[in-house]
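K.L.:
Numbering (our numbering), first residue to last: 39 to 194.
No residue lacks a Cβ here, since even glycine has one placed at the ideal position from N, Cα and C.
Quick caveat, the model's predicted, so the values are computed rather than measured.
In structure tokens form, the structure reads like this:
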């Protein structure tokens, strides 16, 4: 591919000031200017991975766990992102000290925003003895997310 010709991107969908001037105005990319290493580094920084911290009991029916967003190279994401966190109907979710609830506060289906350092403190309340599995996933406002890891909390 030597130039953007509309086969894969709609012409005008990327502002010209965000492109290399040679590409934006019909120029060609020099051979070797896009290397696998450069592409890999860029992609590693674009994908967000949800990582779960340690579970901290507050009382017999309440536990907290921190969500920390990282990129695929395991570097901390220094930006606020929106996540959807879900769990079993027997528990309810809220945001603790870090982050902000956007929708579904005090329910098993929470949409929340991390702080600008990619952190979210999750408060989980379950009034009965159960193992509750938490899953975090993307919303329309989320970047590319790796959400393959879940977290299980056990309540007595």
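1) Could you give the DSSP three-state label for residue 168: helix, strand or coil?
2) Please report the distance separating the alpha-carbon of residue 142 from that of residue 157.
3) Applying the 10 Å Cβ sphere with the 16-neighbour rule, what's the burial state of residue 83?
4) Can you list the beta strand (DSSP E) stretches of 3 or more residues lying completely in the region 67-145, in chain order?
5) My guess is that residue 150 and residue 137 are in contact by the Cβ rule of under 8 Å, so how many angstroms apart are they, rounded?
6) Is DSSP giving residue 179 helix, strand or coil here?
7) With a CB to CB cut of under 6 Å and the five nearest residues on each side skipped, what residues in its chain are close to residue 101?
8) Classify residue 190 as helix, strand or coil using the three-state DSSP reduction.
9) Taking the alpha carbon of residue 187 as the reference point, which residue from 123, 134, 194, 181 has its own alpha carbon closest?
10) Just the C-alpha distance for residue 176 and residue 185, rounded to the nearest angstrom, thanks.
11) Let me know if residue 121 comes out buried or exposed under the rule of 16 or more other beta-carbons within 10 Å of its beta-carbon.
P.N.:
Let me lay it out:
1) strand
2) 19 Å
3) exposed
4) 86-97, 100-109, 120-124, 129-133, 138-141
5) 5 Å
6) coil
7) 93, 95, 162, 191
8) strand
9) 123
10) 8 Å
11) buried
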